[in-house]
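Enquirer:
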Amino acid sequence: MSDTSPPVLDVWCELQCPDCRTALEDLHALRARYGDRLEIRLRHFPLEKHKHSFAAAQAAEEATEQGQGWPYVEAVLARVEELDAEGEALLIDVARGLGLDAEEFDTALIDGRHILIVDADQAEGKAIGVTGTPTYVIDGQRLDGGKSQEGLRERIEEIVDRLLAAES
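So for the sequence shown, numbering that gives the first Met the number 0 puts the first residue at 0; every next one is plus one.
1. Let me know the alpha helix (DSSP H) ranges lying completely inside the segment 106-155, each 4 residues or longer, listed in chain order.
2. What residue does the beta strand (DSSP E) around H43 start on, and which one ends it?
3. Which residues bound the beta strand (DSSP E) around L8?
4. What did DSSP end up calling R161 once you bin it into helix, strand or coil?
5. Report the CB separation of I158 from D138 in whole angstroms; it is logged as a contact under 8 Å.
6. Taking its Cβ as the centre, do 16 or more other Cβ atoms sit within 10 Å of T3, making it buried, or is it exposed?
7. With a threshold of 8 Å on Cβ separation, who are the neighbours of A88 within its own chain once the five nearest residues in sequence on each side are excluded?
8. Pick from F53, D92 and L29: whose alpha carbon is nearest that of Q15?
Printed below as a string of structure tokens:
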């Protein structure tokens with residue numbers, strides 16, 4: 000890590016996961032505390048048990064390409080119960096609601112232009128031992144929030160504080 004780069008928190012997430020929606024509260028708190036001194040990166044880990052999670056991950060990549068990645072992720076997670084019933088129609092509806100190019104979302108889901116990004120994230124997650132979501136990785140440490148998120152934000156803050164102190 001160079002002196003100008005902030006610490007990176009990778010968040011292995013699945014957009015059909017209620018626990019990932021709950022984790023947003025911690026991510027908001029981390030953003031409020033650290034601002035641009037901490038980079039929070041979304042990493043995709045669609046779970047087979049959720050039939051629309053792979054499409055949702057691709058849609059999140061399209062939203063990122065259109066400049067609204069995190070707002071889109073949060074909007075989809077806010078409607079996680081609806082995603083099972085509505086599928087791709089919900090993904091496109093969320094895009095439309097954020098003022099994004101919904102037709103481009105539809106096309107992206109059909110042509111699969113973001114599949115490689117999602118596949119790469121999922122493969123990397125499996126390689127480092129991610130088994131569920133949310134899972135956090137910071138400074139080489141994997142913190143699994145799939146069973147319980149209790150104490151994870153505090154642990155992340157300890158690591159970030161140590162990394163930031165070492166930089167100064």
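Idealized CB from N, CA, C, for every residue including glycine.
Expert: Taking the structure as given:
1. 114-126
2. E38 to H43
3. V7 to C12
4. Assigned with DSSP and collapsed to three states, R161 falls in helix.
5. 5 Å
6. exposed
7. none
8. F53
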